[in-house]
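Asker: Just dropping this structure here.
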Amino acid sequence: MLGLMMHWPLMISSLIRHADRNHGETEIVSRTVEGPIHRYTYRDAHARSRQLVNALRRQGVAPGERVGTLAWNGHRHFELYYAVSGMGAIVHTINPRLFLEQLTYIIEHAGDRLVFFDLSFVPLVEKLAPLCPGVTTWIAMTDRANMPQSPLPHLICYEDLLAAEGDDFEWPEFDENTAAGLCYTSGTTGHPKGVLFSHRSTVLHAMAVCLPDAKGYSAQSVVLPIVPMFHVNAWGIPYAAPLVGAKLVLPGAGLDGKNLYELFESEGVETSAGVPTVWLGLIQYMKENNLRFSTLKSTTIGGSACPPAMMKTLRDDFGVRVQHGWGMTEMSPVGTICSPKAKHRDLSMDERLALSLKQGRPLFGVEMKNVGADGVDLPRDGIAAGDVMVRGPWVLRDYFRGDGGNPLSADGWFPTGDVGTIDSDGYLQITDRSKDVIKSGGEWISSIELENIAVSHPAVFEAAVIGVFHPKWGERPLLLVVRKEGATVTRDEMLKFYEGKIAKWSVPDDVVFVEELPHTATGKLSKKTLREKFKEHRLPTA
Ligand code: ADP
């Protein structure tokens with residue numbers, strides 16, 4: 001027997017309609033690429049999104065069509081999120097930090113005909129245009145006064161498009177499983193793979209993200225996502241904020257310490273989200289200028305492991321509670337967020353820190369397990385490390401156009417490519433990406449653990465650990481260190497620093513000091529580049 005409740009499909013458009021009706025005066029504030037701060041309300045954003053639908057229809061955009069965006073976090077990108085998906089088409093957010101060949105590949109693979117871009121990307125778009133014959137129209141996300149002088153063919157001005165339209169449009173209702181957004185993984189090997197989110201997966205993910213033990217957003221929150229809207233929907237924040245009516249602050253291209261700090265302060269931001277690298281820059285700027293936050297209380301840090309030293313600095317020096325989060329493009333992206341339970345109330349500061357270093361518990365909607373090399377489920381004891389597998393309504397089941405092989409295990413789980421432990425309270429701790437684990441003899445050494453220790457040294461700005469060839473052990477850890485400006489530390493001091501902190505056999509065999517470390521398009525240490533660069537490195541122990 002079926003229940004007798006209404007069939008009301010979960011539509012992305014219902015988020016912005018809800019925000020207009022119930023939080024119509026709540027602000028969305030953006031640092032524009034043109035310079036000034038732009039502010040308007042959810043009501044304005046809703047009206048302009050509907051104008052944009054009318055403009056898209058005039059451009060012949062049909063349901064199911066992919067519409068590309070190359071843009072920072074800003075109000076026009078927000079309007080595209082709602083207009084494109086709301087009319088039944090698909091927002092294809094493109095990561096401008098990818099290589100030209102990857103960009104060309106994904107624009108062609110997605111079949112984008114229209115691409116919207118921020119002014120910062122004019123030089124990039126000029127390079128892309130001749131390589132992407134499928135794109136017939138390039139739309140600069142600006143007004144007439146700021147239109148670039150560019151030889152681009154079929155160049156249109158965003159504000160001109162909108163000015164020609166009214167906001168008379170009713171959001172259509174259709175199957176909630178309809179595709180709404182497309183995002184390609186950075187593809188460390190092979191071509192990038194397209195992950196196609198649906199209305200249902202996006203709305204369910206946004207609801208889960210708002211829960212108190214997740215990000216706990218409410219109509220009183222002021223949220224600034226540093227995570228980009230061009231990669232996995234800024235962790236779902238542009239959908240979660242209107243769901244609860246939180247004020248949204250969008251930093252545009254200003255992701256350096258100074259610009260971020262000023263926006264945090266001027267807009268009264270209380271909570272944020274970003275990868276460790278951007279926090280490195282922000283902390284450094286604030287320390288150099290002896291600054292404090294007046295409103296920021298918490299932030300989610302994920303995308304790569306947040307080092308304990310960073311958590312401690314943010315907590316003790318800046319009064320910011322860090323919530324560790326974990327996920328990936330294939331998971332929309334949030335899988336776990338680390339929040340304590342009632343039983344953790346009396347933990348000491350150090351015990352709390354140790355708990356916060358775990359990547360967290362799964363949100364409702366994500367089921368998780370870890371398996372050993374034989375594929376058998378491991379005990380949830382916080383000790384046994386194995387391949388982390390997930391399933392749930394916002395986890396991918398196939399890649400776009402089937403290009404990416406069969407992503408699921410025979411019994412329907414998604415192998416994440418991460419290795420970790422799960423404890424009896426459900427907390428996940430990632431020890432490594434499976435391809436980054438250092439296999440020394442029969443033992444597995446966690447590169448994350450070694451990096452965390454290195455960056456807790458006062459002279460270290462950033463560190464990476466990779467496995468390099470060793471004739472006896474197969475692989476041994478090599479530590480690469482970027483020193484803080486003006487700081488000195490020697491190889492031997494660095495190695496000595498590990499003593500007593502970990503088992504002797506996992507201490508790195510060598511240290512190399514470098515000027516900087518390479519990062520991927522999503523701001524992670526590029527271990528692949530490092531392994532390539534140091535593949536001939538001869539360890540003194542070899
Ligand atoms: P890509 O960089 O290929 O686009 P994602 O941005 O989806 O991939 O990143 C997903 C990966 O990032 C995860 O599989 C995991 O290895 C890593 N990751 C994400 N969050 C964390 C975290 N909190 N701690 C450690 N690793 C993390």
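For what it's worth, the numbering used here labels the leading residue of the sequence shown as 1, then goes sequentially. A virtual CB, placed ideally from N, CA and C, is assigned to each residue, including glycine.
Check W8 in the structure and name its three-state DSSP category.
Answerer: In the sequence shown, residue 8 corresponds to position 8, counting from 1. Here W8 carries a coil assignment [DSSP, helix/strand/coil].
Asker: What number of angstroms, rounded off, separates the C-alpha of S218 from the C-alpha of P333?
Answerer: Here residue 218 is taken as the residue at index 218 of the sequence shown, counted from 1. Here residue 333 is taken as the residue at index 333 of the sequence shown, counted from 1. Answer to the nearest angstrom: the Cα atoms are 20 Å apart.
Asker: Do V465 and L478 count as a contact pair if the criterion is CB distance below 9 Å?
Answerer: By 1-based counting over the sequence shown, the position of residue 478 is 478. By 1-based counting over the sequence shown, the position of residue 465 is 465. Between L478 and V465, the CB-CB gap stays under 9 Å.
Asker: Which residues in the same chain have their Cβ closer than 7 Å to the Cβ of A273, if we skip the five residues on either side of it in sequence?
Answerer: As a first step, residue 273 is located in the sequence shown; it is residue number 273 there, counting from the start. Once the five neighbours on either side are set aside, the close Cβ partners of A273 are P225, I226, V227, W235, I237, T299, T300.
Asker: In whole angstroms, what separates the C-alpha of N54 from that of W138?
Answerer: Taking the first residue of the sequence shown as position 1, residue 54 is located at position 54. Taking the first residue of the sequence shown as position 1, residue 138 is located at position 138. Cα to Cα, the separation comes out at about 17 Å.
Asker: Who are the Cβ neighbours of V388 in its own chain at under 6 Å, not counting the five residues just before and after it?
Answerer: If you number the sequence shown from 1, residue 388 lands on position 388. Answer for V388: N370, T416, D418, G420, listed in chain order.
Asker: With 16 other CB atoms within 10 Å as the buried threshold, where does A342 fall?
Answerer: One-based indexing of the sequence shown puts residue 342 at position 342. With fewer than 16 Cβ atoms within 10 Å of its Cβ, A342 is classed as exposed.
Asker: Do S526 and P518 have their CB atoms nearer than 9 Å?
Answerer: In the sequence shown, residue 526 corresponds to position 526, counting from 1. In the sequence shown, residue 518 corresponds to position 518, counting from 1. Yes. Within cutoff.
Asker: Does the region 198-215 come within contact of the region 121-129, defined as at least 3 CB pairs closer than 8 Å?
Answerer: Look at the beta carbons and you see the region 198-215 not touching the region 121-129: under three pairs across the two are nearer than 8 Å.
Asker: Could you tell me whether any non-hydrogen atom of ligand 1 is closer than 8 Å to the CB of T566?
Answerer: Look at the range of the chain in this structure, 1 to 542, and you will see that residue 566 is not part of it.
Asker: Pick helix, strand or coil for Q359, following the three-state DSSP scheme.
Answerer: Taking the first residue of the sequence shown as position 1, residue 359 is located at position 359. If DSSP states are grouped into helix, strand and coil, Q359 belongs with coil.
Asker: Answer yes or no: the CB of S186 versus the heavy atoms of ligand 1, is any distance below 8 Å?
Answerer: As a working mapping, residue 186 is identified with position 186 in the sequence shown. Yes.
Asker: Please determine, among I438, S348, S266, the residue with the shortest C-alpha to C-alpha distance to R39.
Answerer: Indexing the sequence shown from 1 puts residue 39 at position 39. Here the closest residue by C-alpha is S266.
Asker: Please classify D344: is it buried, with 16 or more other beta-carbons within 10 angstroms of its beta-carbon, or exposed?
Answerer: One-based indexing of the sequence shown puts residue 344 at position 344. First, the residue type needs correcting, since residue 344 is His and not Asp in the sequence shown. Exposed, since its Cβ has fewer than 16 Cβ neighbours within 10 Å.
Asker: Between the C-alpha atoms of E499 and L255, what's the straight-line distance to the nearest angstrom?
Answerer: Working through the sequence shown from its first residue, we reach residue 499 at position 499. Working through the sequence shown from its first residue, we reach residue 255 at position 255. Taking the straight line joining both Cα atoms gives about 37 Å.
Asker: Report the start-end ranges of each beta strand (DSSP E) in the region 295-358 that is 3 residues or longer and not cut off at the edges.
Answerer: 298-301, 321-327, 334-337
Asker: Kindly indicate which three-state DSSP category H519 falls into: helix, strand or coil?
Answerer: As a first step, residue 519 is located in the sequence shown; it is residue number 519 there, counting from the start. It is a strand residue.
Asker: If you reduce the DSSP assignment to three classes, tell me which class K501 lands in.
Answerer: Position 501 of the sequence shown, counted from the first residue, corresponds to residue 501. For K501, the three-state secondary structure derived from DSSP is coil.
Asker: Does at least one heavy atom of ligand 1 sit under 8 Å from the Cβ of A309?
Answerer: Counting from 1 along the sequence shown, the entry for residue 309 is found at position 309. No, ligand 1 has no heavy atom inside 8 Å of this Cβ.
Asker: Is it true that the CB of L530 sits closer than 9 Å to the CB of L450?
Answerer: Within the sequence shown, numbered from 1, the residue matching residue 450 stands at position 450. Within the sequence shown, numbered from 1, the residue matching residue 530 stands at position 530. Going by C-beta atoms, L450 is not nearer than 9 Å to L530.
Asker: Classify M494 as helix, strand or coil using the three-state DSSP reduction.
Answerer: By one-based count along the sequence shown, residue 494 stands at place 494. Note: M494 maps to helix in three-state DSSP.
Asker: So what does Q429 bridge to, in DSSP terms?
Answerer: What you label residue 429 is simply residue 429 of the sequence shown in a count that begins at 1. Note: Q429 sits in a beta bridge opposite T421.
Asker: Just the Cα atoms here: how many angstroms apart are F197 and V437?
Answerer: In the sequence shown, the residue the question calls residue 197 occupies position 197. In the sequence shown, the residue the question calls residue 437 occupies position 437. In a straight line, the C-alpha of F197 is about 30 Å away from that of V437.
Asker: Just verifying my parser: in three-state terms, what is the DSSP assignment at L263?
Answerer: Translated into positions along the sequence shown, residue 263 becomes position 263. Reduced to three states, the DSSP call for L263 is helix.
Asker: Quick one, which of L52, E79, S85 has its alpha-carbon nearest R66's?
Answerer: For the purposes of this step, residue 66 is identified with residue 66 of the sequence shown, where counting begins at 1. The residue with the shortest Cα to Cα distance from R66 is S85.
Asker: By DSSP, does E173 sit in helix, in strand, or in coil?
Answerer: Here residue 173 corresponds to residue number 173 of the sequence shown, with the count starting at 1. E173: coil per DSSP, three-state reduction.
Asker: Can you tell me which of the three DSSP states M368 falls into?
Answerer: As a working note, residue 368 is residue 368 in the sequence shown. Of the three classes helix, strand and coil, the one that applies to M368 here is strand, per DSSP.
Asker: For N73, count the other beta carbons within 10 Å of its own beta carbon; 16 or more makes it buried, fewer makes it exposed. Which is it?
Answerer: For the purposes of this step, residue 73 is taken as the residue at position 73 of the sequence shown. That one is buried.
Asker: Assuming I156 is part of the beta strand (DSSP E), what are its boundary residues?
Answerer: Position 156 of the sequence shown, counted from the first residue, corresponds to residue 156. Counting along the chain, the beta strand (DSSP E) containing I156 begins and ends at 155-157.
Asker: Can you tell me where the alpha helix (DSSP H) with A47 in it begins and where it stops?
Answerer: Position 47 of the sequence shown, counted from the first residue, corresponds to residue 47. Here the alpha helix (DSSP H) through A47 covers 42-58.
Asker: Near K501, what residues of its chain come up, given a Cβ to Cβ distance below 8 Å and the 5 sequence neighbours on each side ignored?
Answerer: Residue 501 sits at position 501 when you count from the first residue of the sequence shown. Same-chain partners within the cutoff: I453.
Asker: Going by Cα to Cα distance, which pick from K287, R76, S456 is closest to C157?
Answerer: Locating residue 157 in the sequence shown gives position 157, counting from the first residue. If we check each option's Cα against that of C157, R76 comes out closest.
Asker: Between the region 131-150 and the region 106-119, do at least 3 Cβ pairs fall closer than 8 Å?
Answerer: At 8 Å Cβ cutoff, the stretches touch.
Asker: To test your reading of the DSSP string, which unbroken alpha helix (DSSP H) runs of 4 or more residues are found completely within the region 269-299?
Answerer: 276-288
Asker: Compare the C-alpha of V203 against each of T313, Y82, Y105 and name the closest.
Answerer: Here residue 203 is taken as the residue at index 203 of the sequence shown, counted from 1. That would be Y82, whose Cα lies nearest to the Cα of V203.
Asker: I believe H205 touches T178 by the beta-carbon criterion, under 8 Å. Please report the beta-carbon distance rounded to the nearest angstrom.
Answerer: Residue 205 sits at position 205 when you count from the first residue of the sequence shown. Residue 178 sits at position 178 when you count from the first residue of the sequence shown. With a Cβ gap of about 16 Å, H205 and T178 do not count as contacting.
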